[in-house]
Each structure stands twice: as structure tokens, then as C-alpha cells.
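Data block below; observations after.
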Amino acid sequence: MKTKPVMIILFLLGVALLLGCEVEQRGVVNVPGSGDTATKGGDSTGTNQIPSGKGDVIFAVTDAAAEMGTVTGVQVTIDSVQVHTTTGNWITVSSEQKEFDLLKLKADGKLSLLANADLDPGKYNQIRIEVSNAVVVDSEGTHEAKVPSGELKFNGVINVEEGKTSTATIDFAADESLHVTGKGSYIFAPVIKVETKEFAEVEIQSDDTVSITGGRLITRLEVGMDETGKVGVGVRIPAKAELNVENGLVRIKGKFYANVTGVIGSGVGRVVVGITDKAASIESVSSIKLTVDSIQAHSAAKGWVTISSQPKTFDLLQLNNEGKVEMFSDTSIEAGTYQQLRLAISKAVVVDSEGEHDAKVPSGDIKIVGTLKVDEETTATAAFDFKADESLHVAGNGKFIFAPVIQLETREDANVAEKQKGGISITGGSVKSNVKVGMDEEGNVGVGIKIPADVDLEIEGGRVKIKAKAGIGVEV
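The opening residue of the sequence shown carries number 50 in our numbering; numbering runs sequentially from there.
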């Protein structure tokens with residue numbers, strides 16, 4: 050008889066997801082009667098022949114979490130399970146809705162069967178689980194928990210080989226997944242440990258209890274979900290975070306979010322642009338009001354992408370005095386790597402003891418080479434720190450010239466929060482660019498470029514020029 054591949058995925062809630070791909074010479078799964086078992090990976094006989102060229106997929110559920118005070122039950126409803134092929138396709142393992150009590154599974158020390166399906170041999174690199182509901186039982190009764198996102202998608206390599214058994218265990222840590230808001234309602238943001246093996250032995254009991262032995266470890270990692278529904282390694286809701294639910298969305302108190310009506314969509318990332326001035330005060334000048342019309346980002350694949358086209362005016366010296374980073378734009382753009390940023394400046398107004406004066410800007414177009422890395426469903430930031438004391442100059446006739454000198458810092462996967470006294474703070478993430486650029490009198494922009502502080506300037510025909518210095522020549 051031709052060997053038959055079997056893939057078993059055991060879903061452990063608390064939890065472990067086990068994937069098994071079987072196939073012995075006889076490759077048969079028993080239909081269990083009372084006290085019977087179905088064995089994967091060993092010799093077994095029975096009546097349910099696994100289809101030739103397929104793998105049998107079985108999910109089991111358990112919970113290894115610690116006790117949680119007055120909570121006596123955490124009931125999670127799973128709607129479907131899918132696995133992802135290396136060719137880019139999602140394969141449905143199960144679309145049958147099932148409910149599991151994580152704490153009961155923990156108390157019983159069980160892996161409980163979730164699904165059984167046939168899969169083709171091959172390599173699968175992701176698992177996706179749809180969670181439709183979570184209910185918490187405590188001393189006061191039954192409460193529906195808010196789940197930030199019903200989609201739990203994570204990486205994990207599963208090798209399905211003909212004649213062998215593979216497993217994938219997903220251990221939901223209920224004690225790390227459960228949170229309480231300030232109003233006492235529950236939040237369930239799954240934290241799971243994922244482990245995949247190949248060449249494992251699996252037994253399925255008549256009560257749908259599953260046991261796994263042996264095998265070679267392929268993947269071991271821990272992933273979690275944050276309050277926005279983002280899933281990944283190192284991602285989770287901090288244990289001490291103060292939570293609330295606003296317009297149906299989970300929020301951490303004091304943290305700034307792009308949208309109060311929806312999370313960032315799939316395939317896009319959030320970009321926050323801030324304007325500040327950390328320059329020293331300029332004598333006799335009390336205000337520099339800069340109007341920025343738009344900000345764009347450029348990538349080789351997408352060209353110029355507009356981040357914002359809403360003009361805003363900032364008082365650079367006020368930002369400096371208050372130590373603020375002011376929000377210019379908060380939007381979502383297509384995920385990817387952008388290599389340039391462009392600011393369009395339409396106006397600069399200087400206020401001194403004699404009144405307001407329009408400053409001459411050599412060029413309203415500022416293009417800066419700097420990496421802006423926008424990851425899907427995360428926050429990237431670009432902070433433009435205008436050095437007002439290095440940017441402002443005075444011509445011989447007393448007119449002001451504003452040739453921007455800017456320190457640009459971009460971050461990937463950053464945290465942005467609103468401050469109580471206004472402005473925003475940008476923390477965390479990884480710095481992708483930290484570059485200082487300037488503009489000369491002709492409007493050229495780049496690193497190491499700026500108008501020298503000690504030159505004599507004039508405005509002639511609407512253009513800024515450096516006055517030529519008189520010299521003494523000797524004719525030979």
C-alpha cells in the first residue's frame with residue numbers, strides 16, 4: 050500500500066496547537082469507541098483510511114496558565130483555524146465553531162481535540178486562528194471580555210512529510226492574556242507560546258484528549274496581542290497598563306492613537322510627523338511663525354506619497370520655550386520603506402520689538418534623504434527639529450532671511466503619546482535616521498549645507514545673495 054501523509058495540529062488553549070502529519074505503512078486512523086485510541090505516527094489499523102496524498106490535521110486545546118484570583122473560568126470560542134503555505138495560500142483546517150474553558154483544561158491537564166482535516170504534504174509557515182468570543186466567570190458572575198482583534202496570526206514553520214507526523218502546540222497563557230479596565234470590565238488579549246515539531250508520536254483518546262511524545266523541535270517562540278490587535282514577538286499589553294474601552298476599542302490611558310474610530314488597516318502603517326525647535330533663544334526676536342503646507346514621503350516603488358496636505362503654522366520659539374514636539378500629521382500610508390521626505394514651506398514670519406516681518410525663504414521645497422520604515426499596523430515617526438538660531442539671518446537692509454537648518458529623526462515601531470499640557474512624546478522603537486541638513490542662499494538642501502553665520506547677505510531680484518567682499522589686487 051502507498052504511504053499516506055498525515056498532519057496533526059493539536060490546538061492547546063492555555064494552549065497548545067498540535068499539528069501532526071502521519072504516515073506509517075498502513076496510515077490508518079481508528080474511529081474510537083469507548084476506551085479506544087487513534088494513534089498517529091505508529092502502526093494502527095481501522096476503517097477510516099486517510100486519503101492518499103493528504104495529511105490529517107487535528108487540533109487540540111489545553112491551558113497551562115496560573116490561577117487568577119477570583120476568576121474561575123475563561124471560555125474562548127474559536128471559529129476557524131487556517132495554515133499558510135510558502136506559495137502564499139491560506140488553507141482552512143477547520144471552520145467548525147468550538148468553545149473551550151481554558152481554566153478547566155488547565156485543571157484537568159488536558160489537550161482537547163479541536164479539529165481534524167486533511168492537508169497536502171509541504172511546508173506551512175503561518176497559523177491563523179479566528180477568536181469570536183471570550184467570556185470570563187468570576188465570583189460576581191459571567192462577563193463578556195473584549196478581544197482587541199478576532200484574528201490571531203503568527204509565524205511557525207510546520208513541515209508535513211509523507212510517512213511522518215508533525216505537531217504544532219499553541220499554549221495560551223490565560224493569566225498573561227487577561228486584563229481588567231478601570232471600570233472593572235475584562236480584556237482578553239491572547240499571549241501564546243508556539244512550538245512545532247516533526248517526527249512526533251500522537252494519540253487521540255475517545256474523549257478527544259490528545260497526547261504527544263517525541264519529535265524534533267522546529268519552532269519555539271512566544272507571541273502576544275496588544276490593545277490595538279497587533280500580534281507579534283514581544284508584543285502584549287503591559288501588566289500594569291491602565292486600560293479603558295473607547296468607542297468599542299481598547300485603549301491605554303495616556304497613550305495617543307491615530308484614530309478613535311478604528312485601528313490601522315491591514316497593509317498600512319501609521320505615520321506621525323512632529324515639529325519642534327530646541328534652538329537657543331534669539332535676541333530681540335520673540336516669535337518665528339513657520340507655515341508648512343504639506344509633507345510627502347518617497348519610495349522607489351511608490352514615488353511621492355502625500356502624508357499631509359493640510360497647512361499648519363508653528364511658532365518655533367514658543368515650541369522651544371515650552372519644550373514641545375507639536376503634532377503636524379497623524380495618518381496611515383501604505384507599508385514600506387521610504388527613502389526621502391519632502392516639506393513644502395509657504396511662509397515664515399518673524400516678530401521682533403518692531404513688529405511682524407515676512408522672512409525671505411530661499412526655497413519652499415525641502416527634500417531630505419532619510420529612511421522612514423513603515424511596518425504594517427505599527428507606528429513610524431518623523432520628527433523635524435528646526436534650529437531657529439541657525440536658520441535665521443538678517444540682510445544688510447534689515448530684512449530677515451529664513452534658510453531652514455533641520456535635525457531629522459525617524460523611528461520605526463515607535464510609541465506616541467499625548468502630553469497633558471499639549472504636544473506629543475515619541476519613545477521606543479528603533480531609530481532609522483538621525484541627520485542634520487541645512488539650506489544655503491540658493492535654496493540647495495543637504496548635509497553640511499547652510500548659510501554661514503558671518504556672511505553679509507542681500508536680497509536682489511527676489512533672490513538671496515551673499516555680498517562679494519572687496520579685495521586689494523596687485524597687478525604684475
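We treat Cβ as the ideally placed atom computed from N, Cα and C, and that holds for glycine. Since the structure is predicted, the reported quantities are computational estimates derived from the model, not experimental observations.
- Put simply, the segment 492 to 503 touches the segment 446 to 455. At least three CB pairs are less than 8 Å apart.
- Following the DSSP letters along the chain, one finds residue 152 inside the alpha helix (DSSP H) bounded by residues 151 to 157.
- Secondary structure in the segment 120 to 199: the beta strand (DSSP E) runs of 3 residues or longer, each lying completely within the stretch, are 122 to 134, 139 to 143, 147 to 150, 161 to 168, 171 to 187, 190 to 193 in chain order.
- Secondary structure of residue 224 (DSSP, three-state): helix.
- Contact between the segment 198 to 207 and the segment 146 to 153 is absent: fewer than 3 CB-CB pairs across the two stretches fall below 8 Å.
- Under the DSSP assignment, residue 431 falls in the beta strand (DSSP E) whose first and last residues are 428 to 435.
- Under DSSP, residue 474 forms a beta bridge with 466.
- Just measuring C-alpha positions, the residue of 274, 124, 209 sitting nearest residue 186 is 124.
- Taking 8 Å as the upper bound for CB-CB distance, residue 355 and residue 343 are in contact here, some 6 Å apart.
- For the pair residue 156 and residue 237, the CB atoms are not nearer than the 8 Å cut-off.
- Taking all protein chains in view, the Cβ of residue 288 is surrounded by fewer than 16 other Cβ atoms within 10 Å, so the residue is classified as exposed.
- C-alpha of residue 438 to C-alpha of residue 474: approximately 23 Å in a straight line.
- With fewer than 16 neighbouring CB atoms inside 10 Å of its own CB, residue 496 falls in the exposed class.
- Pairing residue 257 with residue 168 gives a Cβ-Cβ distance that is not under 8 Å.
- A check of alpha carbon separations from residue 371 across 249, 299, 469, 244 identifies 469 as the nearest.
- Inter-segment contact for the segment 428 to 435 and the segment 457 to 472 is present: three or more beta-carbon pairs are separated by less than 8 Å.
- Beta-bridge annotation (DSSP): residue 285 is not paired with any residue.
- For residue 345, the enclosing beta strand (DSSP E) covers residues 334 to 348.
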